[in-house]
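Numbering (this note's numbering), first residue to last: 132 to 639.
Ideal Cβ placement from N, Cα and C applies to all residues, glycine included.
A short worksheet on the structure shown next.
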Amino acid sequence: MIRFPKLVLFLLAAQLASAQGADHLRQAERYYASGDYYNAAVQYEQYLGIRKSNSAGFTPYAPQRTGARSAVNAGDKAYERLAECYFQLHDYAQAAQYYGKLNGASSDGAVNYVRSLRASGQKDSAFKALQAARVRPLTPAQQQTLALEEAALRFDSRPDPLVTVTKATGDLNTGHGNYAAVEWGGTVFFTSSRADSSQKGKGPNRNHLYRVVGTDALNADPLPGQDIDQGLCSFTPDGKRMYFSAWTREAGRNLSRIYTVTREDGGWTTPVLLNEKVNAPGSSNAQPFFVEKEGTRYLLFSSDRAGGQGGYDLWFVVLNENLSSLEPQNLGAGVNSAGDEQAPFYQAAAQTLVFASNGRPGFGGFDLFASKGTLQGFGPAENLGTPYNSVKDDSYFFSVSADSSLFRKAYLSSDRASDCCLEIYTIAKQDPPPPEEIPPAPMPKDTAGIVEAPVYTLPVLLFDFDKVELTAEARQQLDTVFLQMSANPARRLRIGGYTDGKGRDSYN
């Protein structure tokens, strides 16, 4: 048997470990560049010695740590990339932990550290990190982000006691990533990234449309295009046409487009891509919402095309008789901000637009806002407050109520109770109780102590016959009346007159 010196074995093991580490780093960088933050995180953790290389499976929200370093140098890009992966996965507690171990992250990392601390409920630490970040050289966009973060940390709102927001049960929230619930004809349609290999050619964890019938979640088939991700859908009032968004990854980013299908013979036709008035070339267009009001049909959507207020704005087009779209119009600065606006919902009965924005003061992340008006003009947007909003992302509002009671029964999507992903919540708002009737005070039965106001009877004031002047005696009596009224201005004086027996009746 060949015997190797221990030093040689040690060097071989070190070389093997180094090669494995380099391989983990290469894979991590490749996943990171493609936007696959799940697999990038596990490879970075294996490279950094946080996760064992032979760990079975990938649970990005509960990694198996094996002695991570307490602090790392600013030049350790892998550690900051790992923090960024968890930030992109919306696991803000993990992101904050890794950002906090950096001796000097980049400016982006410092800003995201503040955001992660705030979103994970670490308010005091977030204030300290915010002050530290502000001494760095920052871009205008980073300064604006920190201003919004400070506003979120200081934002306060009393919850509406009539509103209850509850996580939906049953098949609506199976697995990770369930959001954008809409209801039509008693059936709930929603988007989910749950594992599903039932459709040939479909990825196991892609975002696809589902529907809930009874207690079962069924894929909203037949919808062609199972190899791409599908998002929020919206129906015409008769349910014969559906609009939805679908996206693919192009040039390192998700590019969304809006499609329409019609219902024929119990199924859906092949999706048709809407024209360039909606799907502007080079831009991402998503989250359509169909509105019909007084015979005019509109399609609202979110887009990052040029000509907006910044980021993703809310736009709308008027649809003509064959449902082709006319020129798009921006909803304006009362609705849109320098940040991102998404998921529009408009109810004509309440004349209210509800949407999500991360560019306005609120609780942080995406908050739900409401704006009163019509598609010809909206008033200033107002934060809906709690319990609609949380320190995390809240979006995809949809009201089931047909009348102006917008919040009586509705849905929203939020990651408020999740480490990573949006979940569907139901909203229920009670009618305010009728005002309490205050009965009139009973009349007192005991009349003891009640003093009746004195009544003064004035003497008769006489005029001479066939004269308008008072007699001398009457003038003195009238002076007495004047003194009485001056001393008691609240008293009432009743005056009556009559004639005497002198003269004929017709003359008198």
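Checklist entry - Skipping 5 residues on each side, what residues in its chain have a beta carbon closer than 6 angstroms to that of residue 475? => result 420, 431, 445 and 486
Checklist entry - Residues bridged to residue 428 by DSSP? => result 423 and 450
Checklist entry - Any chance the stretch 211–228 sits against the stretch 239–253, with 3 or more Cβ pairs inside 8 angstroms? => result yes
Next on the checklist: Which residue wins for smallest C-alpha separation from residue 493, given the options 484, 510 and 514?
Outcome noted: Check the Cα spacing between residue 493 and each of 484, 510 and 514: the tightest is with 514.
Checklist entry - Where in the stretch 453–483 do unbroken runs of the beta strand (DSSP E), each at least 3 residues long, occur, reported from the N-terminal end onward? => result 472–478
Next on the checklist: Taking the alpha-carbon of residue 368 as reference, which of 559, 427, 521 and 218 has the nearest alpha-carbon?
Outcome noted: Nearest to residue 368 by C-alpha distance, out of 559, 427, 521 and 218, is 427.
Next on the checklist: Based on DSSP bridge pairs, tell me the residues matched to residue 559.
Outcome noted: 295 and 540
Checklist entry - Between residue 518 and residue 542, what straight-line distance do the alpha-carbon atoms span, to the nearest angstrom? => result 13 angstroms
Next on the checklist: Shorter than 7 angstroms, the distance from the beta carbon of residue 177 to the closest heavy atom of the ligand COA, or not?
Outcome noted: The ligand COA is not part of the structure shown, which contains no ligands of any sort.
Checklist entry - The beta strand (DSSP E) spanning residue 310 covers which residue range? => result Start and end: 309–315.
Checklist entry - According to DSSP, which residues form a beta bridge with residue 361? => result 377
Checklist entry - Would you report the Cα separation of residue 622 and residue 609, rounded to the nearest angstrom? => result Counting only the Cα atoms, residue 609 lies some 16 angstroms from residue 622.
Item to check | residue 264 beta carbon less than 8 angstroms from that of residue 241 | outcome: Yes, they are a contact pair.
Checklist entry - Nearest-angstrom Cα distance between residue 166 and residue 308? => result 17 angstroms
Checklist entry - Helix, strand or coil: which one does DSSP assign to residue 344? => result Strand.
Checklist entry - Around the C-beta of residue 489, are 16 or more other C-beta atoms found within 10 angstroms, so that it is buried, or is it exposed? => result buried
Next on the checklist: Taking the beta carbon of residue 534 as the centre, do at least 16 other beta carbons fall within 10 Å, making it buried, or is it exposed?
Outcome noted: Under this definition residue 534 is an exposed residue.
Next on the checklist: In the DSSP output, what is residue 502 paired with across the bridge?
Outcome noted: 484
Checklist entry - If we ignore side chains and look at the alpha-carbon of each, how far apart do residue 481 and residue 473 end up? => result 20 angstroms
Checklist entry - Taking Cβ positions, are residue 168 and residue 220 nearer each other than 8 angstroms? => result yes
Checklist entry - Going by beta carbon distance, what residues of the same chain come within less than 8 angstroms of residue 509, once the five residues before and after it are set aside? => result 462, 463, 465, 466, 484, 502 and 503
Item to check | Exposed unless 16 or more other CB atoms sit within 10 angstroms - verdict on residue 569 | outcome: exposed
Next on the checklist: Which same chain residues end up closer than 7 angstroms to residue 236 when comparing Cβ atoms and leaving out the 5 residues on each side of it in sequence?
Outcome noted: 205, 211, 230 and 244
Next on the checklist: Distance check for residue 170 and residue 311, CA to CA, integer angstroms please.
Outcome noted: Straight through space, the alpha carbons of residue 170 and residue 311 are spaced by roughly 25 angstroms.
Checklist entry - Given a threshold of 16 other Cβ atoms within 10 Å of its Cβ, counted over all protein chains shown, does residue 619 qualify as buried or as exposed? => result It is exposed - the Cβ of residue 619 has fewer than 16 other Cβ atoms within 10 Å.
Item to check | When 477, 507 and 394 are compared against residue 499, the one with the closest alpha-carbon | outcome: 477
Item to check | Residues sharing a beta bridge with residue 385, DSSP | outcome: 380
Next on the checklist: I'd like to know whether the C-beta atoms of residue 396 and residue 414 end up nearer to each other than 8 angstroms.
Outcome noted: no
Checklist entry - Secondary structure at residue 600, three-state DSSP: helix, strand or coil? => result Here residue 600 sits in coil by DSSP.
Next on the checklist: So, under 8 angstroms CB-CB, residue 642 and residue 491 are touching, yes? Tell me the CB distance rounded to an integer number of Å.
Outcome noted: Residue coverage of the chain in this structure runs from 132 to 639, which leaves residue 642 outside it and unanswerable.
Checklist entry - When DSSP builds the beta bridges, which residues end up paired with residue 404? => result Paired residues: 390.
Item to check | Proximity of residue 363 and residue 391 at Cβ, strictly below 8 angstroms | outcome: no
Next on the checklist: According to DSSP, simplified to helix, strand and coil, what is residue 155?
Outcome noted: Shown here, residue 155 sits in a helix according to DSSP, grouped into three states.
Item to check | Any C-beta of chain D under 8 angstroms from that of residue 226 | outcome: Absent here is chain D; the protein component of the structure consists of one chain.
Checklist entry - Taking the C-alpha atoms as reference points, what is the distance between residue 389 and residue 280? => result 32 angstroms
Checklist entry - In whole angstroms, what separates the C-alpha of residue 561 from that of residue 269? => result 46 angstroms
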